[in-house]
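A.B. asks: The structure is given below, and queries will be raised subsequently.
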Ligand SMILES: Nc1ncnc2c1ncn2[C@@H]1O[C@H](COP(=O)(O)OP(=O)(O)OP(=O)(O)O)[C@@H](O)[C@H]1O
Ligand SMILES: [Mg+2]
């Protein structure tokens, strides 16, 4: 596009639009900006249509679980825009009462989870107060729920154990009764959908499977959708029995995004600012390679690139070198303080450990495993003496335990998002090894 035309566009493209073309810190709510994932959206839609059974979304950190959950909620409320965009056949608008709860790090166990769902305004509380029988049921818990939860895990005396058991029982029965009343009041034609995100953060989810069982019997129009970082549903529920039947084939194991899907994210962002700023093909390819299937990394790089290009008034297409400049500034400015903090903790003050960490991150096989015999050779070529000692460090808590030993000579990164960050991040120690190492 001609420079002049682009300059004219700055008048219509605002800074706010540019800032929000990429959103690393936010899941995607707008179906127009939701890239790819057709197969999984279809599976979720079918799971919403089928009677009985719950839904689960599992996958790596930053892979797009919460974004898919947002889309499931939209579809459950009758918004079929994404289905149409993805050419997924649909012949009705669903009508669920859908509520969303992100567990964060404040929910310790199943009782606290039920309590939170019942008492949070954005969850069920708002609806409960409109239904007298449900409000009455809740009043049984007034004061009690908090006291009970406080006692669970408190003094381990007989009395408090008894109280805890009682509270556990009463919270569960109140939960079921309230949902029964809600369901009976026909607030929504298709039923109630309770989406619980970050389920993996619940320290002790014991009892959740049994809650699901009771709900399946007593509440045929209630569906749970639980989401979290895990390899499979057993791992997410920390429970090894009966999870399969409760989820009846509706476990979505969200994989990495493919290159086309990642490119779509970039294209959507460019389009959202009328291509005022854009990347050339090489730059796009570079971002896609760096992202290694993680949409989060595309958003992280894209946001920094658009931000700096906007302020620098760069309206020619951004190239590969620009992407590399942006990577440096992401590290320097700690654009993701958590990932950067983990990087610095793993590397600490050792250039050699950084070299080993980098080599490992670039030698992950398709099954996610690292074979150290190969990696050691490469590290030694880069002047690291005794690389195995640094691998040993990276398994320990002191250096963040980012590496997990699988068996002799086989390791993997605990988190593929961190591995991707390590691979993409420019080197911290650009000077030769200090004599002390
Ligand atoms: N389908 C998609 N299209 C475009 N961007 C996406 C898509 N899915 C996820 N993203 C983006 O990728 C990033 C991570 O997405 P999201 O928060 O949904 O992942 P997550 O798996 O829930 O992460 P976490 O494990 O941290 O909870 C966000 O910036 C989000 O906007
Ligand atoms: Mg999430």
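Residue numbers (our numbering): 2 to 438. All residues carry an ideal CB built from backbone N, CA and C; glycine is no exception.
#1: Under 8 Å by Cβ, that's how I've got residue 34 and residue 269 pegged, so tell me the actual separation to the nearest angstrom.
#2: For residue 430, which residues from the same chain have a beta carbon less than 6 Å from its beta carbon, with the 5 sequence-adjacent residues on both sides left out?
#3: What residues in its chain sit with their C-beta under 7 Å from that of residue 274, if we drop five residues either side in the sequence?
#4: Using the beta-carbon of each residue, find all residues closer than 6 Å to any heavy atom of ligand 2 and list them in chain order.
#5: Grouping DSSP H, G and I as helix and E and B as strand, with all else coil, what is residue 196?
#6: Short of 7 Å in beta carbon distance, which residues of its chain neighbour residue 99, apart from the five on each side in sequence? Order them along the chain.
#7: Can you have a look at residue 388 and say buried or exposed, based on whether 16 or more other CB atoms are within 10 angstroms of its CB?
#8: Taking 6 Å as the limit between beta carbons, can you name the residues of its chain near residue 224, skipping five residues before and five after?
#9: Does the count of Cβ pairs from the segment 329-341 and the segment 373-386 closer than 8 Å reach three?
#10: To which residues of the same chain is residue 2 closer than 7 Å at the C-beta, ignoring the five residues directly before and after it?
#11: Classify residue 439: buried if its beta carbon has 16 or more other beta carbons within 10 angstroms, exposed otherwise.
#12: Would you decide whether residue 140 is buried or exposed? Buried here means 16 or more other CB atoms lie within 10 Å of its CB.
#13: Could you spell out the range, first to last residue, of the beta strand (DSSP E) harbouring residue 132?
#14: Answer yes or no: do residue 299 and residue 267 have a C-beta to C-beta separation smaller than 9 Å?
#15: In three-state DSSP terms, what is residue 277?
#16: Who are residue 228's beta bridge partners in DSSP?
#17: Counting along the chain, where does the alpha helix (DSSP H) carrying residue 347 start and finish?
#18: Any heavy atom of ligand 1 closer than 8 Å to the Cβ of residue 26?
#19: Can you name the start and end residues of the alpha helix (DSSP H) that residue 100 belongs to?
#20: Less than 6 Å between C-beta atoms, sequence neighbours within five positions excluded: which residues of the same chain meet that for residue 61?
#21: What span of residues does the beta strand (DSSP E) with residue 412 cover, start to end?
#22: What distance in whole Å lies between the Cβ atoms of residue 412 and residue 371, which are believed to be in contact at a cut-off of 8 Å?
#23: Relative to the C-alpha of residue 209, which candidate in 369, 116, 183, 238 has its C-alpha closest?
#24: Could you work out which residue in 216, 313, 136 is closest to residue 186 when comparing CA atoms only?
#25: On a CA-only basis, which of 409, 297, 321, 367 is nearest residue 447? Give me that one, please.
#26: Let me confirm a value: residue 50 is counted as buried when at least 16 other C-beta atoms fall within 10 Å, else exposed. Which label applies?
#27: Please report the residue range of the beta strand (DSSP E) in which residue 16 lies.
#28: Using three-state DSSP, classify residue 315 as helix, strand or coil.
#29: Pick out whichever of 45, 31, 368, 59 has its Cα sitting closest to the Cα of residue 235.
#30: Rounding to the nearest angstrom, what Cα-Cα distance links residue 304 and residue 184 in this structure?
#31: Residue 421: which of 302, 190, 120 sits nearest, CA to CA?
#32: Taking buried to mean at least 16 other C-beta atoms within 10 Å of its own C-beta, is residue 425 buried or exposed?
#33: Going by DSSP, name the residue or residues bridged to residue 255.
#34: Where residue 109 and residue 132 are concerned, what is the direct C-alpha to C-alpha distance, given to the nearest angstrom?
#35: Just to confirm before moving on: does the CB-CB distance between residue 282 and residue 252 stay below 9 Å?
#36: At a threshold of 8 Å, does residue 29 count as lining ligand 1 (C-beta to nearest heavy atom)?
C.D. replies: Reading off the structure:
#1: 5 Å
#2: 352, 355
#3: 14, 18, 19, 22
#4: 66, 67, 198
#5: strand
#6: 74, 77, 78, 194, 196
#7: buried
#8: 55, 194
#9: no
#10: Because the pLDDT of residue 2 is 49, which lies under 50, any placement of that residue in the model is unreliable, and the number read from its coordinates should be weighed accordingly. Within the same chain, residue 2 has close Cβ partners 276.
#11: Residue 439 falls outside the range modelled here, since the chain spans only 2 to 438, and no answer is possible.
#12: exposed
#13: Here residue 132 belongs to no beta strand (DSSP E), and DSSP marks it neither H nor E.
#14: yes
#15: coil
#16: 58
#17: 338-348
#18: yes
#19: From DSSP, residue 100 is part of no alpha helix (DSSP H) but of the beta strand (DSSP E) over 97-103.
#20: 417
#21: 411-414
#22: 5 Å
#23: 238
#24: 136
#25: Look at the range of the chain in this structure, 2 to 438, and you will see that residue 447 is not part of it.
#26: exposed
#27: Note, residue 16: premise wrong, no beta strand (DSSP E); alpha helix (DSSP H) at 16-20.
#28: coil
#29: 59
#30: 43 Å
#31: 302
#32: buried
#33: 60
#34: 29 Å
#35: no
#36: yes
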